[in-house]
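S.K.: Line order of the protein sequences matches chains A and B. The first sequence maps to residues 327 to 688 in my numbering. The second sequence maps to residues 63 to 215 in my numbering.
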Amino acid sequence: MNKTKLSFTLILFIVKITAQTISFHNNIKKFDPNDFDIRIVELETKNNFLIGQPNQVVYRDDKWFISDRLTNQIFIFNKDGSFYSKINEQGNAPGKYSNIRYFSINPYNSQIEIFDNFQNSIYIYDYSGNFIKKIRLSFFMLSFEYLNKNTIVINKQYQKDETKYNYNLLFTDNKFKIIKKFDRITQTPSSAASFVARLSLKKINNKIYWIKTYNPNLYVIDDLNSIKTIKLDFGSIWPEKSFAFNSNLHDRNLIFNTFKAKYIQYFDIFPFNNQYMAKYYYKDVPYISVYDKNTNSNITYDCSNMPDKLNDFIGYTDNYVITMINPLDLLDSNIPLTKHQKNLINNYEDEPNPWIVLLRKK
Amino acid sequence: MDCFTTKKMKKLLGILIFIAIIYGCYNQQKQQYHFTIVGSDKKTMNFNHYINENKIDLVYFYDQFACPKCFFSQMDNLQNLSKKNNFIIVTNLNSIRELKAFKNAYKLNKVFLSDYKFNKGSFYLEIKTDKIIIPDTNNDNLNLVDDFTKKYK
Chain A
327 MNKTKLSFTL
337 ILFIVKITAQ
347 TISFHNNIKK
357 FDPNDFDIRI
367 VELETKNNFL
377 IGQPNQVVYR
387 DDKWFISDRL
397 TNQIFIFNKD
407 GSFYSKINEQ
417 GNAPGKYSNI
427 RYFSINPYNS
437 QIEIFDNFQN
447 SIYIYDYSGN
457 FIKKIRLSFF
467 MLSFEYLNKN
477 TIVINKQYQK
487 DETKYNYNLL
497 FTDNKFKIIK
507 KFDRITQTPS
517 SAASFVARLS
527 LKKINNKIYW
537 IKTYNPNLYV
547 IDDLNSIKTI
557 KLDFGSIWPE
567 KSFAFNSNLH
577 DRNLIFNTFK
587 AKYIQYFDIF
597 PFNNQYMAKY
607 YYKDVPYISV
617 YDKNTNSNIT
627 YDCSNMPDKL
637 NDFIGYTDNY
647 VITMINPLDL
657 LDSNIPLTKH
667 QKNLINNYED
677 EPNPWIVLLR
687 KK
Chain B
63 MDCFTTKKMK
73 KLLGILIFIA
83 IIYGCYNQQK
93 QQYHFTIVGS
103 DKKTMNFNHY
113 INENKIDLVY
123 FYDQFACPKC
133 FFSQMDNLQN
143 LSKKNNFIIV
153 TNLNSIRELK
163 AFKNAYKLNK
173 VFLSDYKFNK
183 GSFYLEIKTD
193 KIIIPDTNND
203 NLNLVDDFTK
213 KYK
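1. Which one or two residues does DSSP pair with I495 (chain A) in a beta bridge?
2. For S393 (chain A) versus I402 (chain A), is the C-beta spacing smaller than 8 Å?
3. What's the C-alpha gap between I480 (chain A) and I426 (chain A)?
4. So, is the C-beta of S144 (chain B) closer than 8 Å to a C-beta in chain A?
5. Can you give me the Cβ contacts of N352 (chain A) inside the same chain, cut-off strictly under 7 Å, excluding the 5 residues immediately before and after it?
6. Please classify E566 (chain A): is it buried, with 16 or more other beta-carbons within 10 angstroms of its beta-carbon, or exposed?
7. How big is the Cα-Cα spacing for N435 (chain A) and K475 (chain A)?
8. Under 8 Å, Cβ to Cβ, is there at least one residue of chain B near I581 (chain A)?
9. Does DSSP put Q164 (chain B) in a helix, in a strand, or in coil?
10. Can you pull the chain A residues whose beta carbon is under 9 Å from the beta carbon of A82 (chain B), in chain order?
11. Short check: CB of N381 (chain A) to CB of R365 (chain A), under 8 Å?
12. Kindly indicate the opening and closing residues of the alpha helix (DSSP H) around N679 (chain A).
13. Going along the chain, which residues of its own chain have a beta-carbon closer than 6 Å to the beta-carbon of N660 (chain A), five neighbours each way excluded?
14. Between the alpha carbons of I458 (chain A) and N139 (chain B), how many angstroms are there, rounded?
15. Going by other Cβ atoms of all chains shown within 10 Å of its Cβ, with 16 needed for buried, is T68 (chain B) buried or exposed?
16. Taking the beta carbon of K528 (chain A) as the centre, do at least 16 other beta carbons fall within 10 Å, making it buried, or is it exposed?
17. Is it true that the segment 403 to 413 of chain A meets the segment 156 to 174 of chain B, where meeting means three or more beta-carbon pairs spaced less than 8 Å apart?
18. Please look up how many angstroms separate the CB atoms of L468 (chain A) and Y428 (chain A), rounded, as I've assumed it's under 8 Å.
19. Please compile the residues from chain B whose C-beta is within a distance smaller than 7 Å of the C-beta of I377 (chain A).
20. Cβ of N171 (chain B) less than 8 Å from any chain A Cβ?
21. Report yes or no: is there a C-beta of chain B within less than 8 Å of the C-beta of E368 (chain A)?
22. Under 8 Å, Cβ to Cβ, is there at least one residue of chain E near D676 (chain A)?
23. In this structure, how does DSSP classify K169 (chain B) when only helix, strand and coil are distinguished?
24. With N631 (chain A) and K356 (chain A) assumed to form a contact (beta carbons below 8 Å), what rounded beta-carbon distance in angstroms separates them?
25. Just the Cα atoms here: how many angstroms apart are Y737 (chain A) and I640 (chain A)?
26. If you draw a straight line from the alpha carbon of Q379 (chain A) to that of K412 (chain A), how long is it in whole angstroms?
27. Count the other CB atoms within 10 Å of the CB of V611 (chain A); is the residue buried (16 or more) or exposed (fewer)?
28. Is the beta carbon of V384 (chain A) closer than 8 Å to that of M650 (chain A)?
29. Indicate whether N637 (chain A) and P680 (chain A) have their beta-carbon atoms separated by less than 8 Å.
30. In whole angstroms, what separates the C-alpha of K72 (chain B) from that of A163 (chain B)?
31. Using alpha carbons as the reference points, say which of A:P633, A:Y646, A:Y592 and A:N432 lies closest to Y540 (chain A).
32. Could you name the residues that DSSP lists as bridge partners for A523 (chain A)?
33. In terms of DSSP beta bridges, what is S623 (chain A) paired with?
34. Show which residues of chain B have a CB atom less than 8 Å away from the CB atom of Q399 (chain A).
35. List the residues of chain A that I158 (chain B) touches, going by C-beta distances under 8 Å, in chain order.
36. Ends of the alpha helix (DSSP H) at D387 (chain A)?
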């Protein structure tokens, strides 16, 4: 092996670690909508684009992309909420997917890339719903995001049936061929379903962020050779390692007595420019905890007075978390609505499409 | 001879009509409602017992997260059942909007939304959209099923 190749390989596997700690779950108060910047997008409703159970929202190219786990479609709405198109290609013919597990928008060619976990393949469509191509994968995954034009980060995490690529993260080229593996899996929780963040891999402000299940670190991936960690301090409510990897204890506490467990659950974190916004449940109470980078301080909101779906974050922009909620539930809540929005809600004859709500701490 | 034949024929015809009436009544009694219960949770399985007891003859277990082959054969079956005027009752949906989205996406008709209730030790199924309750153990609820089938068949 020549020196150049050796040094390149060495550089490739160097992981730069810088530790920074941020603390959450302090200064707890009731959720107050006046403390938050809340924006609402009223989606158009018609029978041929009725959304069933939205489970992922992406905002890109002035459009809202919404996947529906009930009907296995992706709906595309314009910035103002008017309908644009949809991808409704579920089937077993060529060019048709079986199930949408996750989707991402390729920022370099504006194409929708759907990960089908039944076929273990990526299906690529344009914004009008025309099929472009299918890429068969050699590994299982949960989700993926583009690090740059030529590199994709693959979030694998505890894929039980796989032994070949037994790593938590993979880096591939833009054709999904593996170029680097990161963080070998040594211990596997028996069932981490209630703890895996829905959006454990994110791309916010051109950086990739990754949360590893039961690990109190936020990984920041700037490029292929630089992975930093930010330590998240939740004190005693973060699951202990003995709890996380003890299957009997885990099953007993989480499956039979889910919300009484003494550790936080359904944790997710959204790192924005000036703040880290975390959401989680603790003893059946939903919380939003915000760490302000400028003041190095934390405030935590007990959200039990919030409409249910409003703390179920299913997407993000560079500055806001995204949730979707039935507008009729908004009418009964303490979320401030404009006169126009109230009129719209009062004039609906049937339950309309859920509205998109964007949220960030002021 | 002619007279005899006519008399015999009339008698025979009478017997045949009588048999037809008895057979018709028997069939009426035996008639089963074609309900398809669709859900992705274990509660749907619990219904099997109650539905069989109450002459509702078809229970269908559907899980959208099953294997792809199962999924498509199940969807084909559902669409066929829907065309044949079976009633499909979906148990894992939360609102009328979700029900409409499901019907539109999979091109199904006669689909109804339902919920579970637990009453005095027995499950029963409430079809939310039309306030019909099936199948409880008392006859009143079977009459409701009758009304329901008349309304939508």
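Don't be surprised by glycine CBs; every beta carbon is placed ideally from N, CA and C. These numbers come from a predicted model, not from an experiment.
M.R.: Quick look at the numbers:
1. Taking the first sequence and counting its residues from 1, one reaches residue 495 (chain A) at position 169. Ile is not the amino acid found at residue 495 (chain A); the sequence shown has Leu there. Looking at the DSSP assignment, L495 (chain A) forms a beta bridge with A:N481 and A:F508.
2. Working through the first sequence from its first residue, we reach residue 393 (chain A) at position 67. Working through the first sequence from its first residue, we reach residue 402 (chain A) at position 76. Taking the C-beta atoms as reference points, I402 (chain A) is found no nearer than 8 Å to S393 (chain A).
3. One-based indexing of the first sequence puts residue 480 (chain A) at position 154. One-based indexing of the first sequence puts residue 426 (chain A) at position 100. Straight-line measurement puts the Cα of I426 (chain A) at about 16 Å from the Cα of I480 (chain A).
4. As a position in the second sequence, residue 144 (chain B) is number 82, starting the count at 1. S144 (chain B) is outside the set of residues whose beta carbon lies under 8 Å from a beta carbon in chain A.
5. Against the first sequence, residue 352 (chain A) aligns to sequence position 26. Taking N352 (chain A) as the centre and dropping the five residues before and after it, the same chain places the C-beta of N624 and T626 closer than 7 Å to its C-beta, in chain order.
6. One-based indexing of the first sequence puts residue 566 (chain A) at position 240. Classified as exposed, E566 (chain A) has fewer than 16 neighbouring CB atoms from the shown chains inside 10 Å of its CB.
7. Residue mapping note: residue 435 (chain A) aligns to position 109 of the first sequence, counting from 1. Residue mapping note: residue 475 (chain A) aligns to position 149 of the first sequence, counting from 1. The alpha-carbon atoms of N435 (chain A) and K475 (chain A) are separated by roughly 9 Å.
8. The residue labelled residue 581 (chain A) in the question sits at position 255 within the first sequence. Here I581 (chain A) scores only 47 on pLDDT, less than 50, and its place in the model should not be relied on; the value that follows carries that caveat. It does not; no Cβ of chain B falls within 8 Å.
9. Counting from one through the second sequence, the residue named residue 164 (chain B) turns up at place 102. The sequence shown places Phe at residue 164 (chain B), not Gln. In the structure shown, F164 (chain B) falls within a helical segment according to DSSP collapsed to helix, strand and coil.
10. Walking along the second sequence from the start, residue 82 (chain B) turns up at place 20. Simply none; closest approach about 46 Å.
11. Along the first sequence, read from residue 1 onward, the residue named residue 381 (chain A) stands at position 55. Along the first sequence, read from residue 1 onward, the residue named residue 365 (chain A) stands at position 39. The criterion of a C-beta distance shorter than 8 Å is not satisfied by N381 (chain A) and R365 (chain A).
12. Taking the first residue of the first sequence as 1, we reach residue 679 (chain A) at position 353. First-last for N679 (chain A): undefined, no H or E at that position.
13. For the purposes of this step, residue 660 (chain A) is taken as the residue at position 334 of the first sequence. Counting only Cβ-Cβ distances below 6 Å, and skipping sequence neighbours, we find P359.
14. Taking the first residue of the first sequence as position 1, residue 458 (chain A) is located at position 132. Taking the first residue of the second sequence as position 1, residue 139 (chain B) is located at position 77. Approximately 30 Å between the Cα atoms of the pair.
15. The count along the second sequence starts at 1 and reaches residue 68 (chain B) at position 6. Of the other Cβ atoms in all chains shown, fewer than 16 fall within 10 Å of the Cβ of T68 (chain B); this residue is therefore exposed.
16. Here residue 528 (chain A) refers to the residue found at position 202 of the first sequence. K528 (chain A) should be labelled buried.
17. Put simply, the segment 403 to 413 of chain A does not touch the segment 156 to 174 of chain B. Fewer than three CB pairs are less than 8 Å apart.
18. Residue 468 (chain A) sits at position 142 when you count from the first residue of the first sequence. Residue 428 (chain A) sits at position 102 when you count from the first residue of the first sequence. Confirmed, about 7 Å.
19. Taking the first residue of the first sequence as 1, we reach residue 377 (chain A) at position 51. Chain B residues near I377 (chain A): A163.
20. Locating residue 171 (chain B) in the second sequence gives position 109, counting from the first residue. Chain A contact via Cβ: absent.
21. Here residue 368 (chain A) refers to the residue found at position 42 of the first sequence. Chain B places no beta carbon closer than 8 Å to that of E368 (chain A), leaving this residue out of the contacts.
22. Of the protein chains in this structure, namely A and B, none is chain E.
23. Locating residue 169 (chain B) in the second sequence gives position 107, where the first residue counts as 1. Shown here, K169 (chain B) sits in coil according to DSSP, grouped into three states, outside any helix or strand.
24. What you label residue 631 (chain A) is simply residue 305 of the first sequence in a count that begins at 1. What you label residue 356 (chain A) is simply residue 30 of the first sequence in a count that begins at 1. Contact check for N631 (chain A) and K356 (chain A): beta-carbon distance about 6 Å, within the 8 Å limit, so the pair qualifies.
25. Residue 737 (chain A) cannot be examined here, being either before or after the span of chain A that is shown, 327 to 688.
26. What you label residue 379 (chain A) is simply residue 53 of the first sequence in a count that begins at 1. What you label residue 412 (chain A) is simply residue 86 of the first sequence in a count that begins at 1. Linking Q379 (chain A) to K412 (chain A) through their CA atoms gives a straight-line distance of about 15 Å.
27. Your numbering for residue 611 (chain A) matches position 285 in the first sequence. Exposed, because fewer than 16 other Cβ atoms sit within 10 Å of the Cβ of V611 (chain A).
28. Numbered from its first residue, the first sequence carries residue 650 (chain A) at position 324. Numbered from its first residue, the first sequence carries residue 384 (chain A) at position 58. 8 Å or more divides the Cβ of M650 (chain A) from the Cβ of V384 (chain A).
29. Taking the first residue of the first sequence as 1, we reach residue 637 (chain A) at position 311. Taking the first residue of the first sequence as 1, we reach residue 680 (chain A) at position 354. No; because the gap between Cβ atoms is not below 8 Å, this pair is not in contact.
30. Within the second sequence, residue 72 (chain B) is the residue found at index 10, counting from 1. Within the second sequence, residue 163 (chain B) is the residue found at index 101, counting from 1. Each residue's alpha carbon lies about 59 Å from the other.
31. The residue labelled residue 540 (chain A) in the question sits at position 214 within the first sequence. Closest option to Y540 (chain A), judged by alpha-carbon separation, among A:P633, A:Y646, A:Y592 and A:N432: A:Y592.
32. To locate residue 523 (chain A), count along the first sequence from 1; it is residue 197. Within the DSSP bridge table, the entry for A523 (chain A) names no partner.
33. By 1-based counting over the first sequence, the position of residue 623 (chain A) is 297. S623 (chain A) is bridged by DSSP to A:D618.
34. The sequence position of residue 399 (chain A) within the first sequence is 73, counting from 1. Within chain B, the residues near Q399 (chain A) are A167.
35. Counting from 1 along the second sequence, the entry for residue 158 (chain B) is found at position 96. Neighbours of I158 (chain B) across chain A, judged by C-beta separation under 8 Å: D676 and E677.
36. Along the first sequence, read from residue 1 onward, the residue named residue 387 (chain A) stands at position 61. In the DSSP annotation of this structure, D387 (chain A) is not part of any alpha helix (DSSP H), being labelled neither H nor E.
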